[in-house]
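0 is the number of the first residue of the sequence shown in numbering that gives the first Met the number 0; add one for each residue after it.
Just so you know, even glycine gets a beta-carbon here, dropped at the ideal spot from N, CA and C.
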Amino acid sequence: MRWHPKGYGGQRRDPEQVKRDGWHEHGILAVAIDDARLTWPERELVEQLGTRLYGPRSLAKEARHG
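Here is the structure:
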């Protein structure tokens with residue numbers, strides 16, 4: 000017999016669905032700086048917003064993603 004507490008069984012949502020649900024249900028926007036769906040100006044805007052809200056990214060992370 001398998002028993003799972005409520006919320007711990009079933010299918011796992013993919014990350015895009017989690018981001019979509021976060022936006023629709025809570026107004027939270029999660030955007031990857033290197034998302035191919037964004038244009039260059041949109042990526043720059045995301046970078047500026049992230050820097051303003053959370054401070055500059057470390058050089059090690061930039062080198063890994065860039």
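With respect to the alpha helix (DSSP H) encompassing residue i, which residues constitute its N-terminal and C-terminal limits?
i	result
residue 17	14 to 25
residue 52	39 to 53
Taking the CB atoms as reference points, tell me whether residue i and residue j lie closer together than 8 Å.
i	j	result
residue 29	residue 21	yes
residue 37	residue 45	yes
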